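Below you'll find the structure, written out as structure tokens, and then a few comments.
Protein chains in written order, with this note's numbering: chain A, 1 to 110; chain B, 1001 to 1119; chain C, 2001 to 2240.
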């Protein structure tokens, strides 16, 4: 039997699941109901900080990998025939989102 | 040997356990959408103050508030099911299952409080 | 004495294109199991009803059915708990139906064979027995209680959607041997673990562990091995 590459995607899924489980509720509460705390200056300062960049990238990237991995499996649960191309599409989407976030954070600079 | 295998279509509607499973899985739609929303805000942040503020304004729109309300409910459910399931994914440790779940719930409370208080 | 309506799936391949349902009124007392009810139908109402059973005490694993949508053993489920409604009895989900309530379990037997469910140890003592401390037995004991009743396969939608998936009981038994201190065959079994249809076919629905009559907790066995498989995947480069 061929060895599956699942461990890579499962690890990313797991990291995203843990992160979203821990800080998801608070984040959603903030952006939904406490936007006063998200002024341009404060958020820019966060994005210009090294650790801030890491935090923002982690959230966007890992949330995307978690979500996309699960969505891919949910398609299968609904009976949709999923193959390597759909797998590449879903995880590729998360990878593109990660790359976009990384580029933006680099562009924002210090 | 002639046999009959019944179709799987609609399997998840046949048992409440499966419905809850599908709800758990549905949380991923909102987590993905939320990440894309943040990405959009990051783009605004990079472009200009005006564009960022436009994004921030849009967060208070009725559509956004509805989205956030549903996303919040689903992510809380995801969080709860995540830690409830976690003991099954851990190797054998001298910590009882209920304690792992309780520790997870406590960690969520701590993170939530910290994020809300420190911002 | 009360009477309950039992509705069973019927399928006779020689005459039926597809399954149908048939109901009978079954008089019962409080101490009668669902298996008792089926036996009453066969003995007094319709001798053609086909179903498997043996020990009547939840150890042989023969009498698995789906009762009102839930996989259960007929011998340890009671008619009184379904009264006054109708009890619908169906064969185990996700398996081909051979006749009435009997399914073809040969796919499971193939899966079971593939996990090598026996002690593999070239250094086994030539004379006498292995020594094993109670604490060592604790590591695998719960997984050894599997009676191969297949309720977990009936519960598992991933097996239903793709029957190439090794499935809960087979993977639990794989883990039972890997975790046994007397066994040295883990490496041989990793091929099954690491495959797409090994542990990675599981999305942790968890219903398998809910329905297991022996508290084997196959969901735990499968998901502990996801970590093993991940470790194996990333650390193989260090081993070689």
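C-beta atoms are modelled at their ideal positions from N, C-alpha and C, and glycine is treated no differently. Model, not experiment: these values are computed from the prediction.
Item to check | N- and C-terminal bounds of the beta strand (DSSP E) containing residue 2023 of chain C | outcome: 2020-2028
Checklist entry - Is there at least one Cβ from chain A nearer than 7 Å to residue 2153 of chain C's Cβ? => result no
Checklist entry - Under 7 Å between the Cβ atoms of residue 2120 of chain C and residue 2081 of chain C? => result no
Item to check | Cβ-based contacts, 9 Å cut-off: residues of the stretch 46-63 of chain A near chain B | outcome: 47, 56, 59, 60, 61, 62, 63
Checklist entry - Can the beta-carbon of residue 108 of chain A be found closer than 7 Å to that of residue 1046 of chain B? => result yes
Checklist entry - Taking all protein chains shown into account, do 16 or more other C-beta atoms lie within 10 angstroms of the C-beta of residue 1098 of chain B, making it buried, or fewer, making it exposed? => result exposed
Item to check | DSSP state of residue 2098 of chain C mapped onto helix, strand, coil | outcome: strand
Next on the checklist: Distance check for residue 2076 of chain C and residue 2145 of chain C, CA to CA, integer angstroms please.
Outcome noted: 17 Å
Item to check | Short Cβ contact (7 Å threshold) for residue 65 of chain A with residue 19 of chain A | outcome: no
Item to check | 8 Å Cβ cut-off: residues of chain A touching residue 2230 of chain C | outcome: 7, 10, 11
Checklist entry - Taking 7 Å as the CB-CB cut-off, is residue 42 of chain A touching chain C? => result no
Checklist entry - So which of C:2160, C:2173, C:2141, C:2208 has the shortest CA-CA distance to residue 2151 of chain C? => result C:2208
Item to check | Which of helix, strand or coil DSSP assigns to residue 1094 of chain B | outcome: coil
Next on the checklist: Can you list, in chain order, the residues of its chain with a C-beta nearer than 8 Å to that of residue 1018 of chain B? Leave out the 5 residues immediately preceding and following it.
Outcome noted: 1011, 1012
Checklist entry - Do residue 2058 of chain C and residue 2073 of chain C have their C-beta atoms within less than 7 Å of each other? => result yes
Next on the checklist: Comparing C-alpha positions only, which one of C:2098, C:2149, C:2199, C:2066 sits nearest to residue 2015 of chain C?
Outcome noted: C:2098
Checklist entry - Between residue 2229 of chain C and residue 2178 of chain C, is the Cβ-Cβ spacing less than 7 Å? => result no
Checklist entry - Of the residues that make up the stretch 1030-1049 of chain B, which ones have a beta carbon closer than 9 Å to any beta carbon in chain C? => result none
Checklist entry - Between residue 2200 of chain C and chain A, is there a C-beta pair that is closer than 7 Å? => result yes
Checklist entry - With C-beta atoms as the reference, is residue 36 of chain A less than 7 Å away from residue 1031 of chain B? => result no
Item to check | Where the alpha helix (DSSP H) through residue 1028 of chain B begins and ends | outcome: 1016-1047
Checklist entry - How should residue 1117 of chain B be labelled, buried or exposed, when 16 other C-beta atoms within 10 angstroms of its C-beta is the threshold for buried? => result exposed
Checklist entry - Counting only beta-carbon atoms, is residue 115 of chain A nearer than 7 Å to chain C? => result A query on residue 115 of chain A cannot be resolved here, the shown segment of chain A reaching from 1 to 110 and no further.
Checklist entry - DSSP beta-bridge partners for residue 2003 of chain C? => result C:2027
Checklist entry - What's the gap between the Cα of residue 72 of chain A and the Cα of residue 100 of chain A? => result 21 Å
Checklist entry - Would a check of beta-carbon distances place residue 2011 of chain C closer than 7 Å to chain B? => result yes
Item to check | Interface residues of chain A facing residue 1107 of chain B [CB-CB closer than 9 Å] | outcome: 21, 22
Next on the checklist: If I measure Cβ to Cβ from residue 2045 of chain C and keep anything under 6 Å in the same chain, skipping five residues before and after, which residues do I get?
Outcome noted: 2024
Checklist entry - Can you list, in chain order, the residues of its chain whose CB lies under 7 Å from that of residue 2111 of chain C, leaving out five sequence neighbours each side? => result 2166, 2167, 2170
Item to check | Under 8 Å from the C-beta of residue 83 of chain A: neighbouring residues of chain C | outcome: In chain order: nothing, as chain C lies at least about 12 Å away.
Checklist entry - Along chain B, which residues have their Cβ under 7 Å away from the Cβ of residue 37 of chain A? => result 1119
Checklist entry - chain B beta carbons: is any one of them nearer than 7 Å to that of residue 70 of chain A? => result yes
Checklist entry - Residue range of the beta strand (DSSP E) that residue 2086 of chain C falls in? => result 2086-2090
Checklist entry - Does residue 2110 of chain C have its Cβ less than 7 Å from a Cβ in chain A? => result no
Checklist entry - So with Cβ pairs under 7 Å, would you call residue 1058 of chain B a contact of chain A? => result no
Checklist entry - How is residue 2059 of chain C classed by DSSP in three states: helix, strand or coil? => result coil
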